[in-house]
Amino acid sequence: MATETQHRAQSRTPILLSKIEDCQDVVNTAVIIPKEDGVISVSEDRTVRVWLKRDGAQYWPSVHHSMPGPCSCMSFNPETRRLSVGMDSGEVSEFILSEDYNKMAPALSFHAHQGRVTVVLFVLEMEWVLSTGQDKNFTWHCSESGQRLGSYRITSCVSGLQYPFSLRDVTILKLEQDSCSLVTTFKGHTGSVTALCWDPVQRVLFSGSSDHSIIMWDIGGGRGTAIELQGHNEKVQGLCYVPHTRQLISCSSDGGVVIWNMEVTRQETPDWLDSDSCQRCEQPFFWNFKQMWDSKRIGLRQHHCRKCGQAVCGKCSSKRSTIPLMGFEFQVRVCDSCHESISEEDRAPTATFHDSKHNIVHVHFEPTRGWLLTTGPDKVIKLWDMTPVVS
Ligand SMILES: [Zn+2]
Ligand SMILES: [Zn+2]
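Following full-length UniProt numbering, the numbering of the sequence shown begins with 1 at its first residue and continues without gaps.
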């Protein structure tokens, strides 16, 4: 019975609804307009376009606006129909879209960075435009006047920004009208952070990285836990959290789309233990010359069991297993005793795996209809119905 349900869950996949293929270059950001059959895109080809579905089938451009240079990022606020576009030149340009999405009026433009704008985010409650750039600055401007309210220098280039958080490693900043202070920095990834999303109910922050992993940081619980999710073979490019189903959608640059069940209780991975000899058979590791000499044995290579963290030799950790509740959806090395302790039930996947069939640059999820948008270096925007897998 369990296997049958599992099989049924795996046979459900996202449904490709539409493809938008008219852009001349990479679409760096695109969003689905809520309650409207429409998409807004900004591209390296210097255009801002609004696409509306016509005749019930294809998406046609209702706005096609040429900018002075490549558009690197954007943020759209549906309540005010305010569109903030970040440019390769360091400029941020703001527009207001008409109610029928057929016109776009310029509102404001300001110079935010010395280099390409990497992330722009409009915060309605504060009337702020937050942005980060290749100049490694994080700035915030007043969205009414365009006046710079403050800036903060970050040690490395920022590629993800999530209000009220900003990052690399994952840097948490506290923003006030004219000041910004560092709250804390989380370190966990071995690569740079490429995507972020926030679950306001559980107060959990998810970060995705070029090291292929995702980390779930417990911010609100105060327990300081960091749970790893390993289900991608390439750089994580986008994360979206679906609060009502408690699912996390993650996308990687190789086109992989993973839907994680975040309702299950997950466990932290153990720290790797240090030892000069195998913690199971006690054979010395190869750098332990004294014990090798004393016992007249050849030193062995050290490995670590992913479940208990013990330092073990290859012979004592010859088996592999998935450990889904520890985030290992792929097979990993485990020691022989841990292998015995993992039951068939423990191995039940907590995620489903899908292929978007294009490399992914950017993703956006629209929760009311359950639609996912993906863009790729192939210049194509794809719209997916996720309701078969997100429900
Ligand atoms: Zn051993
Ligand atoms: Zn073990």
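Each residue gets a CB set at the ideal place from its N, CA and C atoms; glycine is no exception. It should be emphasised that the depicted structure is a prediction, and the values quoted were computed from it without experimental measurement.
Asked: Between the CA atoms of Q267 and residue 395 - distance to the nearest angstrom; Found: Because the chain in this structure spans residues 1 to 391, residue 395 falls outside the shown range and cannot be described.
Asked: T375, buried or exposed, once every other Cβ within 10 Å from all chains shown has been counted against 16; Found: buried
Asked: Straight-line gap, D355 to D22 (C-alpha atoms, nearest Å); Found: 22 angstroms
Asked: Pairwise C-alpha distance: F138 and R153; Found: 6 angstroms
Asked: Distance cut-off 7 angstroms: K315 Cβ against heavy atoms of ligand 1; Found: yes
Asked: Opposing strand residues paired with S109 [DSSP bridges]; Found: S93
Asked: Straight-line Cα distance separating K296 from R280; Found: 18 angstroms
Asked: Residue burial classification, R306 (beta-carbon count within 10 angstroms, cutoff 16); Found: buried
Asked: Residue from D274, Q247 and A30 whose Cα sits closest to the Cα of C73; Found: A30
Asked: Own chain residues within Cβ distance below 8 angstroms of D276, not counting five before or after; Found: P284, F285, W287, N288 and Q291
Asked: In DSSP terms, what W287 is bridged to; Found: Beta-bridge pairing links W287 to no other residue.
Asked: Distance between D254 and N102 (C-alpha atoms, nearest Å); Found: 35 angstroms
Asked: Status (buried if at least 16 other CB within 10 Å, exposed otherwise) for I15; Found: exposed
Asked: heavy atom of ligand 4 below 7 angstroms from Q114 C-beta; Found: By its list of ligands, the structure shown excludes ligand 4, since it contains just ligand 1 and ligand 2.
Asked: Neighbouring residues (CB closer than 5 angstroms to any heavy atom of ligand 2); Found: C305, K307, C308, C335 and C338
Asked: V302 beta carbon near ligand 1 (any heavy atom closer than 7 angstroms); Found: The question names Val, but residue 302 in the sequence shown is Gln. No.
Asked: Integer-rounded CB distance, given that V258 should sit under 8 angstroms from A107; Found: That belief does not hold up - the Cβ atoms of A107 and V258 are roughly 38 angstroms apart, past 8 angstroms.
Asked: Length of the line joining the Cα atoms of Q331 and R49; Found: 43 angstroms
Asked: 8 angstroms CB neighbourhood of D336 in its chain, flanking five on each side removed; Found: R280, C316, S317, S318 and K319
Asked: Own chain residues within Cβ distance below 6 angstroms of Y163, not counting five before or after; Found: Reliability of the predicted coordinates at Y163 is poor, the pLDDT of 45 falling under 50, and no value is obtained from them.
Asked: C-alpha distance - S207 paired with M67, whole-angstrom precision; Found: 32 angstroms
Asked: C278: CB within 7 angstroms of a non-hydrogen atom of ligand 1; Found: yes
Asked: Rounded separation between D385 and F365 - CA only; Found: 10 angstroms
Asked: Chain-order list of residues whose beta-carbon lies under 6 angstroms from that of V363 (same chain, five-residue window excluded); Found: G238, C251 and T374
Asked: 6 angstroms Cβ shell around R203 - same chain, five flanking residues per side excluded; Found: I219 and G220
Asked: Euclidean distance between Cα positions of V380 and V27; Found: 7 angstroms
Asked: CA nearest to the CA of D211, picked from C278, W198, I227 and V236; Found: V236
Asked: Where the alpha helix (DSSP H) containing H339 begins and where it ends; Found: D336 to S341
Asked: Residues bridged to A195 [DSSP beta-bridge criterion]; Found: G208
Asked: K315 - DSSP class collapsed to helix/strand/coil; Found: helix
Asked: Q291: CB within 7 angstroms of a non-hydrogen atom of ligand 1; Found: no
Asked: Top-ranked residue by Cα proximity to M326, from L273, G231 and C278; Found: G231
Asked: Beta bridge counterpart(s) of L121 as assigned by DSSP; Found: L130
Asked: Beta-bridge pairing of residue 407 - partner residues as DSSP gives them; Found: Since the displayed the chain opens at 1 and closes at 391, residue 407 lies outside it and no answer follows.
Asked: Contacting residues, own chain, Cβ-Cβ under 6 angstroms from R246 (five flanking each side not counted); Found: M262 and E263
Asked: Where D355 falls: helix, strand or coil (DSSP); Found: strand
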